Amino acid sequence: MKKYFLGIVAVLFAVALSAFTSGSGNHAKKEKPLTDLYWYLFDGTQITTQVGTGPTDKTSAETATTCSDNPIAAVCAYGYMNEQTGLPKPPGAFNDRFKKSN
Amino acid sequence: MKNSGITQNNVSSILIECISASLILLFVYTATSKLLAHNSFVFTLSQSPLLQQYSIPLSWVIPFTEILISCFLVIPRLRKTGLLFSVLLMTAFTIYVGYMIAFTPRLPCSCGGVIKSLTWKEHLLLNISFVVMALFGWLMIKKNKILLQ
Chain A
1 MKKYFLGIVA VLFAVALSAF TSGSGNHAKK EKPLTDLYWY LFDGTQITTQ
51 VGTGPTDKTS AETATTCSDN PIAAVCAYGY MNEQTGLPKP PGAFNDRFKK
101 SN
Chain B
103 MKNSGITQNN VSSILIECIS ASLILLFVYT ATSKLLAHNS FVFTLSQSPL
153 LQQYSIPLSW VIPFTEILIS CFLVIPRLRK TGLLFSVLLM TAFTIYVGYM
203 IAFTPRLPCS CGGVIKSLTW KEHLLLNISF VVMALFGWLM IKKNKILLQ
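Structure below.
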């Protein structure tokens, strides 16, 4: 038992540490607070059409499209702080996005 | 001569224990963090162009491999194997981090716990340190077994 002591202590300490720190420092950020962005549908290669006529919050944009967040699906729509002119345009520094539901 | 040999063996044993304990701490901590925040882990894996297709199986394989290696490291008879697997696993992680730095530095890290708060370069340095440490431990065990024979 003595020879396993340090290993078991390390395991217990690691489990306790992870219990205290899990969920913090999470770089995969959860949904940002709802802000109004200009939303554009994305067909896989380029932006196609704007969702609505001006900036909208993400929930309203989700209602207006067939997009909904699925972590492992392709991107469905991008949200930008500024209106994108000269469509179609490859996704630049977007502020948010939807993934397809399927 | 005999006394210095025994002392050296004690120092080596202590060093191997410390290295093993550090690796156990690292692997159990990161594995538990990944399992506790499993959805988030899947999400960040899916962001990587290299791992996107395998995000779901990898999200289980990686933490359970870490736990398995930790079990090897806890048991003294299997410690040498555990250290070798640690070297291999940490080398794989280091190569992945190197790839992320080179090609997709803006993507989030699919690592567990507070390691996510490190920059990619800091993470690379941490990984390299653990590779070196595990390799050193493995070589020490190998050398000690030769001395004891």
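As they're listed, the protein sequences go chains A and B.
Just so you know, the numbering used here puts the end of the first sequence at 102, numbered straight through with nothing missing.
Just so you know, the numbering used here puts the end of the second sequence at 251, numbered straight through with nothing missing.
Ideal placement from N, C-alpha and C gives every residue a C-beta, glycine not left out.
This one's a predicted model, so the numbers in the text were calculated from it and none came from an experiment.
Given that a residue counts as buried once 16 or more other Cβ atoms are within 10 Å of its Cβ, and exposed if not, what is residue i?
i: SER129 of chain B; result: A quick correction: the sequence has Phe, not Ser, at residue 129 of chain B. Burial call: buried.
i: GLU83 of chain A; result: exposed
i: GLY184 of chain B; result: buried
i: ASN229 of chain B; result: buried
i: GLU121 of chain A; result: There is no way to answer for residue 121 of chain A, as the model of chain A reaches only from 1 to 102.
i: GLN149 of chain B; result: buried
i: ARG181 of chain B; result: buried
i: LEU175 of chain B; result: buried
i: GLY52 of chain A; result: exposed
i: THR196 of chain B; result: buried
i: LYS29 of chain A; result: Summary for LYS29 of chain A: the model assigns pLDDT 39, below 50, so the residue's position carries little reliability, and this model does not support an answer.
i: VAL199 of chain B; result: buried
i: MET81 of chain A; result: exposed
i: PRO33 of chain A; result: Low confidence applies here, because PRO33 of chain A scores a pLDDT of 46, under 50, leaving its location unreliable; read the following figure in that light. Exposed, because fewer than 16 other Cβ atoms sit within 10 Å of the Cβ of PRO33 of chain A.
i: PHE166 of chain B; result: exposed
i: THR85 of chain A; result: exposed
i: LEU87 of chain A; result: exposed
i: ALA16 of chain A; result: exposed
i: TYR156 of chain B; result: exposed
By DSSP's criteria, residue i is part of a beta bridge. Which residues make up the other side?
i: ALA77 of chain A; result: A:LEU41 and A:PHE98
i: ILE47 of chain A; result: A:PHE42
i: THR132 of chain A; result: There is simply no residue 132 of chain A to check, as chain A begins at 1 and stops at 102 in what is shown.
Would you call the CB atoms of residue i and residue j closer than 8 Å?
i: ILE169 of chain B; j: ALA204 of chain B; result: no
i: ALA123 of chain B; j: LEU12 of chain A; result: no
i: ILE126 of chain B; j: ALA10 of chain A; result: yes
i: LEU138 of chain B; j: LEU147 of chain B; result: no
i: TYR38 of chain A; j: GLN50 of chain A; result: yes
i: ALA77 of chain A; j: THR65 of chain A; result: yes
i: ILE164 of chain B; j: LYS136 of chain B; result: yes
i: LEU36 of chain A; j: THR56 of chain A; result: Reading off the sequence, residue 36 of chain A comes out as Asp, not Leu. Cβ distance < 8 Å, so ASP36 of chain A and THR56 of chain A count as in contact.
i: LYS3 of chain A; j: PRO151 of chain B; result: no
i: ALA14 of chain A; j: TYR131 of chain B; result: yes
i: SER161 of chain B; j: PHE143 of chain B; result: yes
Contact between the segment 228 to 244 of chain B and the segment 112 to 119 of chain B is defined here as three or more beta-carbon pairs at a separation below 8 Å; is this criterion met? yes
Across the segment 175 to 189 of chain B and the segment 232 to 241 of chain B, are there enough close Cβ pairs to call them in contact, namely three or more that are closer than 8 Å? yes
Runs of 3 residues minimum, wholly inside the segment 174 to 205 of chain B: which ones carry the beta strand (DSSP E) assignment? none
Please specify which runs of the alpha helix (DSSP H), each continuous and at least 4 residues long, are wholly inside the segment 103 to 162 of chain B, giving them in chain order. 104 to 138 and 140 to 149
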